[in-house]
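Quick note, the sequence shown lines up with residues 1 to 75 if you use this note's numbering.
Have a look at the structure below, then the notes.
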Amino acid sequence: MTPIVNGLADDYADTLNVYRLNAAEPDVLALQQQYGVRGHPSFALLSSDGMVMQRFLGPQDEQLLREAVEALLVE
């Protein structure tokens with residue numbers, strides 16, 4: 001999934017921020033709970049004010065993630 005996430009980060013660098021959390025690190029537990037991350041890989045698309053707009057659990061197709069990002073960018 002790293003190449004897909006890195007590609008999204010590169011392609012949308014001017015319009016969104018991409019953050020990666022390592023679920024094995026104990027200091028990210030609060031963020032996992034805050035955003036409802038219950039497994040990995042997980043993806044959460046957030047609004048500019050931090051509200052979770054969409055969640056994905058498990059490996060995802062790159063096109064699906066791109067379409068979800070594009071849909072949120074036009075809202």
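Note that CB positions come from ideal geometry on N, CA and C, so glycine has one too.
{"query": "Using the three-state DSSP reduction, which class does alanine 23 fall into: helix, strand or coil?", "result": "coil"}
{"query": "So who's on the other strand from glutamine 54, going by DSSP bridges?", "result": "Leu45"}
{"query": "Determine whether the Cβ of valine 69 lies closer than 9 Å to any Cβ atom of chain C.", "result": "Protein chain content of the structure displayed is limited to a single chain, and chain C is not contained in it."}
{"query": "So what does DSSP say about threonine 15, is it helix, strand or coil?", "result": "coil"}
{"query": "Do the stretch 6 to 16 and the stretch 30 to 42 make contact, defined as three or more Cβ pairs closer than 8 Å?", "result": "no"}
{"query": "By alpha-carbon positions, which one of Leu73, Ile4, Thr2 ends up nearest to leucine 45?", "result": "Leu73"}
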